[in-house]
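What follows is a short report on a single structure.
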Amino acid sequence: FFNLRRLKGEMQALDEGDLKPEQAKLIAEKLNVTENEVYSMNGRMSGSDASLNVPMGTDGDMEWQDWLADDDQGQAEEFADKQEFNARMELLTSAMEDLNERERHILTERRLSEEPKTLEELSEVYNVSRERIRQIEVRAFEKLQKAMKRMAKEQGLASASAAGTA
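FYI, in our numbering the residues of the sequence shown are 2 to 167.
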């Protein structure tokens, strides 16, 4: 379509006006595109560029760009989120130390693994019933929550009550 302007000049078609059907057909054939594409590109090329800095309203105190939304999270928010995530991970790691080895293993395998183990699989590892594994898991999770809440409170984290639920 970089040749559209040149072809229009050769045909002496006016830049401001729409192309006549025969002109659009000829250009489409020369550029090997559809007539609709020729009309579309002609419309884009003949329109003037609009600035986002143009004042709007009667006061002129606002610009079009003031109405654009930024969906990206700001650097400050990203940094704060990362810091909070790291703090929670430290809490989790520290709280896991309050569990015994069996509780830690069961909780990790059931709740923190990409592919959680079934109660059946863990019952075979520990040679106990599935119900017993479930009980150990529940008790371990409760201990973990209490430890995380206590540590969050001690560290003065703002979201201490949410720390045990993450």
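Glycine is no exception: its CB is placed at the ideal position from the N, C-alpha and C atoms. Owing to the predicted nature of the structure, the values given are computational and were not obtained by experimental measurement.
In angstroms with no decimal places, state the Cα-to-Cα distance between residue i and residue j.
| i | j | result |
| --- | --- | --- |
| Arg140 | Leu92 | 18 Å |
| Arg135 | Lys154 | 29 Å |
| Trp68 | Met57 | 11 Å |
| Leu113 | Met46 | 57 Å |
| Glu104 | Arg111 | 10 Å |
| Arg7 | Thr59 | 41 Å |
| Glu79 | Glu115 | 25 Å |
Mind reading off the beta-carbon distance from residue i to residue j? Whole number of angstroms is fine, and I expect it under 8 Å.
| i | j | result |
| --- | --- | --- |
| Ala88 | Met152 | That belief does not hold up - the Cβ atoms of Ala88 and Met152 are roughly 10 Å apart, past 8 Å. |
| Leu20 | Asn54 | About 32 Å; that fails the 8 Å criterion. |
| Leu120 | Arg131 | 4 Å |
Determine whether the beta carbon atoms of residue i and residue j lie at a separation below 8 Å.
| i | j | result |
| --- | --- | --- |
| Ala25 | Glu36 | yes |
| Glu143 | Ile107 | no |
Suppose the cutoff is 6 Å on Cβ atoms and the five residues either side in sequence are ignored; what does the same chain contact list for residue i look like?
| i | result |
| --- | --- |
| Ala148 | Ala96 and Asp99 |
Mind checking which residues open and close the alpha helix (DSSP H) that includes residue i?
| i | result |
| --- | --- |
| Pro22 | Pro22 to Leu32 |
| Asn87 | Gln76 to Met97 |
| Leu53 | Note, Leu53: premise wrong, no alpha helix (DSSP H); not H, not E. |
| Val126 | Leu120 to Tyr127 |
Report all residues from its chain with a CB closer than 8 Å to the CB of residue i; omit the five preceding and five following residues, and keep chain order.
| i | result |
| --- | --- |
| Leu5 | Ile28, Leu32, Val39, Met42, Asn43 and Met46 |
Quick one: residues in its chain with C-beta nearer than 7 Å to the C-beta of residue i, no 5 flanking neighbours on either side, listed in chain order?
| i | result |
| --- | --- |
| Pro117 | Glu110 and Arg111 |
| Glu64 | Leu53, Asn54, Val55, Pro56 and Met57 |
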